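*Asks:*
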């Protein structure tokens, strides 16, 4: 059985591998960074239940249920998705976590001092893809007990021309790749925005709109790809303490969405 789910219509083709968006094509042109190319090892990922490097807080996150041990961007990415359902226009995936379960940290020991990670709350995390009329919608549904603290970030990478000439527009402001490079590992913040447009050089532009996030951050170290990341909050350049005082609190069921459209 193939581990890849394929969504298609007349103009578009979407390929998802074990919950990871690895291809979004329109008119046979690719818009997603390809794994194995320079830049980043993945095509997309999620940041949950925290965003940013927790090392500055000794890898601890303070919650009402006690301290958690989490590495950069949380522990969700260390878990595998299970396929819930799929057809030619949609695919649904889920991860389920039982509180205080030890998760092996792939960053240990080279990039982290913490061998195992855990979170003191149960949760389920659903990732749903829908392709309709050439538009790809990705929906995230988080279910947990009310009051669970969390941050959420979606981390897709987009294919560029390798010319360094692409620009972006958000809140009527232009952002260049030079601006993104300058921000470095902290990533370039685009705050209080639910839409950003990637102005491509070698194909049509890409419009990314979101619900629930209200912020983006941009990261790359190369000219051939760019991560455009919807985030619930930006933790770099601040004195962010990894405590539930600085996080959202779950309503029991929280829904976020990202829509990717060629324009």
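In my numbering, the protein residues as written are 143 to 405. Ideal placement from N, C-alpha and C gives every residue a C-beta, glycine not left out. Note that the structure is predicted; figures quoted are calculated from it, not measured.
Helix, strand or coil: how does DSSP classify residue 276 here?
*Replies:* coil
*Asks:* Do you know offhand how far residue 398's Cα is from residue 230's?
*Replies:* 23 angstroms
*Asks:* Distance, Cα to Cα, residue 376 vs residue 251?
*Replies:* 27 angstroms
*Asks:* On the DSSP bridge list, what partners appear for residue 215?
*Replies:* Beta-bridge pairing links residue 215 to no other residue.
*Asks:* So residue 403 packs on residue 349, CB below 8 angstroms; how close in whole Å?
*Replies:* 5 angstroms
*Asks:* Run through the region 172-230 for me and flag every whole beta strand (DSSP E) of 3 or more residues, listed as ranges in chain order.
*Replies:* 202-205, 208-211, 224-228
*Asks:* Where do the N-terminal and C-terminal ends of the alpha helix (DSSP H) with residue 325 fall, by residue?
*Replies:* 319-325
*Asks:* Counting only runs of 3+ residues fully inside the region 258-312, write out the beta strand (DSSP E) ranges in chain order.
*Replies:* 265-274, 277-286, 299-301, 309-312
*Asks:* What residues match up with residue 150 in a beta bridge as DSSP calls it?
*Replies:* 155
*Asks:* Any heavy atom of the ligand GDP closer than 8 angstroms to the beta-carbon of residue 279?
*Replies:* The model depicted lacks the ligand GDP and carries no ligand whatsoever.
*Asks:* With a cut-off of 8 angstroms, do at least 3 Cβ pairs link the region 296-313 to the region 161-174?
*Replies:* yes
*Asks:* How many angstroms separate the CA atom of residue 343 from the CA atom of residue 244?
*Replies:* Spanning the two alpha carbons is a distance of roughly 45 angstroms.
*Asks:* Near residue 221, what residues of its chain come up, given a Cβ to Cβ distance below 8 angstroms and the 5 sequence neighbours on each side ignored?
*Replies:* Here the set comprises 237, 239, 245.
*Asks:* Report all residues from its chain with a CB closer than 7 angstroms to the CB of residue 199; omit the five preceding and five following residues, and keep chain order.
*Replies:* Counting only Cβ-Cβ distances below 7 angstroms, and skipping sequence neighbours, we find 383, 384.
*Asks:* For residue 165, count neighbouring C-beta atoms within 10 Å of its own C-beta (all shown protein chains included) and say buried if the count is 16 or more, exposed if not.
*Replies:* buried
*Asks:* Thinking C-alpha only, which one of 318, 282, 360 is nearest residue 265?
*Replies:* Among 318, 282, 360, the Cα nearest to that of residue 265 belongs to 282.
*Asks:* Counting along the chain, where does the beta strand (DSSP E) carrying residue 256 start and finish?
*Replies:* Residue 256 -> no beta strand (DSSP E), and no H or E assigned at all.
*Asks:* Whole angstroms is fine: what's the gap from residue 235's alpha carbon to residue 328's?
*Replies:* Across the structure, residue 235 and residue 328 are spaced so that their CA atoms are roughly 30 angstroms apart.
*Asks:* For the beta strand (DSSP E) that contains residue 167, what are its first and last residues?
*Replies:* 162-168
*Asks:* Residue 276: buried (16+ other C-beta within 10 angstroms of its C-beta) or exposed?
*Replies:* exposed
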